[in-house]
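Let me begin by presenting the structure, written as structure tokens, before commenting on it.
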């Protein structure tokens, strides 16, 4: 069974641009959550989607958005990029997102904003 | 809001020896889950072990075990017979039992473990 796949693995953008990251969950998983990892702030929760609906959202500005498609694949978008958005973006999937389920993480997308 | 603290940014251990990673957390909730995740250079977060707060028995997974002290809000990870493959960043994390779904993970800052041959 394929794991969680995130594309692209690396991305370089300049300030003011926008970016879209993709996450394909494990087959059969319907919950996808996103985390931002930076050296200064550590890992912070962005949002969680289940069956195309956002169920939970972290404390990030509106420039950060996401969506989930009917096949459970998820995308996150960051508009008007800032230098501070440089980070590793990780997504995780589980069957239904309930707390007693194991989360499976992808290897992340490393975003560099110049 | 819940917080997770890992006070040791780095540790090292000799191969085959035992090492303990510390973690404390703060919460007003009574029902929650605690986790240790490992992040090797591949960047993928891998679940090492999980503890449910309502279970008094400490979780064990092969060479990995925890010392869960609920009253003290302490959750340490013991790695026995350390192997070179154990070298990685280790993150302690908290997840509320909450409403039955979609509760986020709250992570500590992480700790870099080096295993010396």
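Protein chains in written order, with the working numbering: chain U, 35 to 148; chain L, 856 to 972. From the three backbone atoms N, C-alpha and C, an ideal C-beta is built for every residue, glycine too.
Where residue i sits in the DSSP three-state scheme
i	result
residue 37 (chain U)	coil
residue 118 (chain U)	helix
residue 881 (chain L)	strand
residue 77 (chain U)	strand
residue 939 (chain L)	helix
residue 47 (chain U)	strand
residue 137 (chain U)	coil
residue 900 (chain L)	coil
residue 104 (chain U)	coil
residue 912 (chain L)	coil
residue 132 (chain U)	coil
residue 928 (chain L)	coil
Host beta strand (DSSP E) of residue i (start-end)
i	result
residue 90 (chain U)	87 to 91
residue 870 (chain L)	Neither: residue 870 (chain L) is in no beta strand (DSSP E) and is coded neither H nor E.
residue 110 (chain U)	108 to 112
residue 924 (chain L)	919 to 924
residue 71 (chain U)	65 to 72
residue 56 (chain U)	53 to 58
residue 960 (chain L)	960 to 962
residue 863 (chain L)	From DSSP, residue 863 (chain L) is part of no beta strand (DSSP E); its letter is neither H nor E.
Distance between residue j and residue i (C-alpha atoms, nearest Å)
i	j	result
residue 98 (chain U)	residue 972 (chain L)	44 Å
residue 877 (chain L)	residue 962 (chain L)	13 Å
residue 140 (chain U)	residue 909 (chain L)	29 Å
residue 900 (chain L)	residue 873 (chain L)	22 Å
residue 921 (chain L)	residue 895 (chain L)	20 Å
residue 867 (chain L)	residue 934 (chain L)	12 Å
residue 84 (chain U)	residue 856 (chain L)	24 Å
residue 88 (chain U)	residue 863 (chain L)	35 Å
residue 884 (chain L)	residue 951 (chain L)	8 Å
Closest by C-alpha distance to residue i, when choosing among the options
i	options	result
residue 945 (chain L)	L:882, L:902, L:856, L:885	L:902
residue 888 (chain L)	L:937, L:905, L:931	L:905
Residue i CB to nearest heavy atom of the ligand GTP below 6 Å
i	result
residue 147 (chain U)	Annotation note on the ligand GTP: not contained in the displayed structure, which lists no ligands.
Touching by the beta-carbon criterion (3+ pairs, under 8 Å), the stretch 63 to 79 of chain U and the stretch 113 to 130 of chain U = With the rule of 3 Cβ pairs closer than 8 Å, the stretch 63 to 79 of chain U counts as touching the stretch 113 to 130 of chain U.
At least 3 beta-carbon pairs within less than 8 Å: the stretch 107 to 122 of chain U vs the stretch 52 to 60 of chain U | A contact exists between the stretch 107 to 122 of chain U and the stretch 52 to 60 of chain U.
At a cut of 8 Å, does the stretch 128 to 147 of chain U reach the stretch 60 to 67 of chain U through at least three beta carbon pairs?
-> Yes, the stretch 128 to 147 of chain U is in contact with the stretch 60 to 67 of chain U.
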